[in-house]
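Working notes for the structure below.
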Amino acid sequence: MKINILKQYLLSAIAVCALLLSASCAPKQANYPIFENPTDTKWIVEDIDGKPVEGFAHIWMRLDSDGKIYGSGGCNSFRGDYSYVNGIFRTGPLGTTRKTCSKGINLQEFKFMQALDRVDSMQKRNGMLYMEGQGNSLLLYKGH
């Protein structure tokens with residue numbers, strides 16, 4: 048009798064785990080309009096891959112209407128080319144400066160640059176710019 052109860056609890060636990068896993072693997076809703084004109088605006092990064100920017104790092108980027116991108120990863124500056132065609136965002140190779148920064152800032156800057164290289168979509172939601180793709184995301188707001 049105890050074995051049957053244990054089997055029921057085990058099966059219930061497996062069912063709950065399966066349900067939780069399937070919910071976390073569900074595709075994201077993409078019902079938001081594509082952000083049509085993100086150019087000629089300074090965008091300040093609020094979070095990288097769902098985690099807020101830490102410390103006093105000022106991570107930002109600007110997309111110019113001539114296909115140039117530039118900004119700061121928090122310590123080093125970067126610049127290069129980008130394209131945004133039919134709702135698909137891509138960066139070309141980006142050049143960066145090589146300043147000495149703290150370990151924490153370096154890691155955060157690396158994560159930002161990696162995410163910027165991998166994201167391929169931009170969407171505007173509630174006045175914010177969301178960039179997503181290949182398991183990475185960036186959340187940005189308009190700067191001054």
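Residue 48 is where the sequence shown starts when you use the numbering used here, and the numbers rise one by one after that.
Ideal Cβ positions, reconstructed from N, Cα and C, are used throughout, including at glycine.
Just so you know, these numbers come straight off a predicted model, no measurement behind them.
Taking every protein chain shown into account, the CB of I135 has fewer than 16 other CB atoms within 10 angstroms, so this residue is exposed. The beta carbons of G182 and Q155 sit no closer together than 8 Å.
Judged by DSSP in its simplified three-state form, N183 adopts strand.
Contact between the segment 109-123 and the segment 84-95 is present: 3 or more CB-CB pairs across the two stretches fall below 8 Å. About 13 Å separates the beta carbon of Y177 from that of L163, a gap too long to meet the 8 Å contact definition. By the 16-neighbour rule on beta-carbons within 10 angstroms, V166 is buried. Looking only at N84, S168, G114, the smallest Cα-Cα distance to S184 is reached by S168. F159 is the residue among G180, N84, F159 whose C-alpha sits nearest the C-alpha of K98. Counting the other CB atoms within 10 Å of its CB gives G118 a total of 16 or more, which places it among the buried residues. Distance from the CA of R145 to the CA of N123, rounded to the nearest whole angstrom, comes to 6 Å.
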